Each structure stands twice: as C-alpha cells, then as structure tokens.
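With the UniProt record's numbering, letter number 59 in the sequence shown gets 59, and the count goes up by one each step, no holes. Worksheet: the structure to be examined is printed underneath.
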Amino acid sequence: MIPVLRHDFPIATERRQVLPAALPFACGLAAGTRVETADGLVAVEDLVPGQLLETTEGHQPLLRLLRCLPGSPSATSQVMLPAGILGRGKPLILAAEQEIVVSGWIAELHFGADAVTLTPAMLLRQGLARVVGPAQETSLYMPVVARPSAVYAGALALTIACVGGETAQDHDAALPGTIELNDAEAALVLSLLGAATLH
Numbered sequence: 001m002i003p004v005l006r007h008d009f010p011i012a013t014e015r016r017q018v019l020p021a022a023l024p025f026a027c028g029l030a031a032g033t034r035v036e037t038a039d040g041l042v043a044v045e046d047l048v049p050g051q052l053l054e055t056t057e058g059h060q061p062l063l064r065l066l067r068c069l070p071g072s073p074s075a076t077s078q079v080m081l082p083a084g085i086l087g088r089g090k091p092l093i094l095a096a097e098q099e100i101v102v103s104g105w106i107a108e109l110h111f112g113a114d115a116v117t118l119t120p121a122m123l124l125r126q127g128l129a130r131v132v133g134p135a136q137e138t139s140l141y142m143p144v145v146a147r148p149s150a151v152y153a154g155a156l157a158l159t160i161a162c163v164g165g166e167t168a169q170d171h172d173a174a175l176p177g178t179i180e181l182n183d184a185e186a187a188l189v190l191s192l193l194g195a196a197t198l199h
C-alpha cells in the first residue's frame with residue numbers, strides 16, 4: 001500500500017527532512033535513482049519542494065522529500081535489482097518493501113486489473129535480486145505528494161508517499177485499479193516478463 005502521512009504532516013520549508021523513526025513505512029528510493037520530472041530526469045536526492053514530478057496521476061508538485069540514513073532506527077534492508085530485471089537497463093537499489101507497479105496486458109489478462117504491485121523482497125525470494133551489503137547501503141529517499149500515485153524511475157513506476165488520512169497509521173491508499181500480488185502471483189508476472197531468464 002502507498003504510505004499515507006497524517007493530513008497535518010507539515011509541508012517542507014527546507015530542502016530535505018530526515019525521516020523520523022516513527023513514520024510507518026519501510027520503503028524508499030536509493031540516492032542516485034533518477035526520477036522523471038517536468039524538467040527531465042533528476043536524481044531523487046536533488047528534488048526540491050514544488051518541483052513537478054511525472055506520476056501515474058499526472059504532474060504533481062513535490063511537497064516534501066524524506067530521507068532515511070543507513071543505520072538509522074527507521075532504516076530497512078536494501079535490495080539491488082540487477083540490470084535487465086523488469087526492463088531496467090541499470091542496477092537499481094530500493095528498500096525491500098518499496099512497491100513496483102507493473103501495468104499493461106499482463107496485469108489485465110491475468111489479474112483483471114489496470115496494474116499490479118510487487119516488491120523487491122518478492123524478487124529477492126525468487127532469486128532475482130540480492131540484499132545490499134552494509135558497504136553499499138545508501139540513503140533512501142521518499143518523495144511526498146498530495147495524491148496516491150507512483151513516480152517513474154526509468155522503466156519502472158515506484159509508489160511514493162502521499163498526504164492524507166487522520167493518523168499516520170492510515171495505510172489504505174492505493175492506486176486506482178491496482179492490486180497487490182502475493183509471492184506466487186509475483187512469480188507468474190516475473191515469468192511472463194521473462195525476468196527469470198535475465199538473472
């Protein structure tokens with residue numbers, strides 16, 4: 001599910017905000033991940049509040065950019081997706097539970113949905129990714145926008161946080177027409193995409 005921050009979560013007044021340990025999600029994009037904006041591709045750590053992000057729900061201004069440092073109490077395990085997985089030309093580091101949105105004919109034909117979500121942890125369990133060692137860990141960033149959506153990073157759509165809900169425990173936001181997959185369903189999607197032959 002898309003991380004939802006309390007409706008009164010403050011809008012950024014500074015360039016970056018360190019992710020508090022109390023926030024209820026363990027996802028994020030590694031430093032260096034280039035995301036699509038109205039100005040072209042920009043490294044996630046270089047995004048600034050107000051910048052227009054290209055999302056699955058159209059252009060949305062960045063409200064805040066959260067950062068989680070390696071080794072901090074809120075840090076999560078990081079997973080490296082090798083080049084070629086899910087159409088990526090370069091390796092990509094993501095938090096283990098970062099949602100990846102897969103859309104198109106596979107989602108429609110096999111699940112009757114516009115899109116389905118899977119996580120790097122699912123790819124790890126299929127032997128298609130690996131855990132990043134401490135020496136390779138990097139800061140993770142989470143863009144925050146107003147509406148549930150995913151940001152584009154190369155060939156992938158990655159869910160990002162949104163503002164809404166009464167408490168920080170609201171986890172019920174989802175992209176319209178999207179369903180979450182279990183491990184068996186994720187394996188089916190990966191086999192149809194040919195990911196198993198790319199490892």
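The C-beta atom is built at its ideal place from N, Cα and C for all residues, glycine as well. Here the structure is a predicted model, which means the values were calculated and not measured.
Whether residue i touches residue j by CB criterion (9 Å)
i: Y141; j: A38; result: no
i: S149; j: P70; result: no
i: A157; j: T56; result: yes
i: A107; j: T76; result: no
i: V102; j: L118; result: yes
Boundaries of the alpha helix (DSSP H) in which residue i is found, first to last residue
i: I85; result: Segment: none, I85 is in no alpha helix (DSSP H) and carries neither H nor E.
i: L124; result: 120 to 125
i: A150; result: Premise fails: A150 lies in the beta strand (DSSP E), 149 to 153, not in any alpha helix (DSSP H).
i: E108; result: 105 to 111
6 Å Cβ shell around residue i - same chain, five flanking residues per side excluded
i: L124; result: V79
i: Y152; result: E36, E54
Own chain partners of residue i with C-beta closer than 8 Å, once the 5 adjacent residues on each side are dropped
i: Q51; result: T37, A38, D39, V42, P61, L62
i: A129; result: V79, M80, L81, P82, I85, P120, L123
For residue i, the first and last residue of its enclosing beta strand (DSSP E)
i: E54; result: 52 to 55
i: G32; result: Run containing G32: none; DSSP gives neither H nor E here.
Burial state of residue i (16 or more Cβ within 10 Å)
i: I100; result: buried
i: Q98; result: buried
i: G133; result: exposed
i: G28; result: buried
i: L109; result: exposed
i: A155; result: exposed
Other residues of its chain near residue i: CB distance less than 7 Å, five sequence neighbours each side excluded
i: R147; result: E57, Q60, C162
i: P91; result: M80, L81, P82, A83
Closer than 9 Å to chain D by CB, residue i
i: L81; result: No chain D appears in the structure shown, which is made up of a single protein chain.
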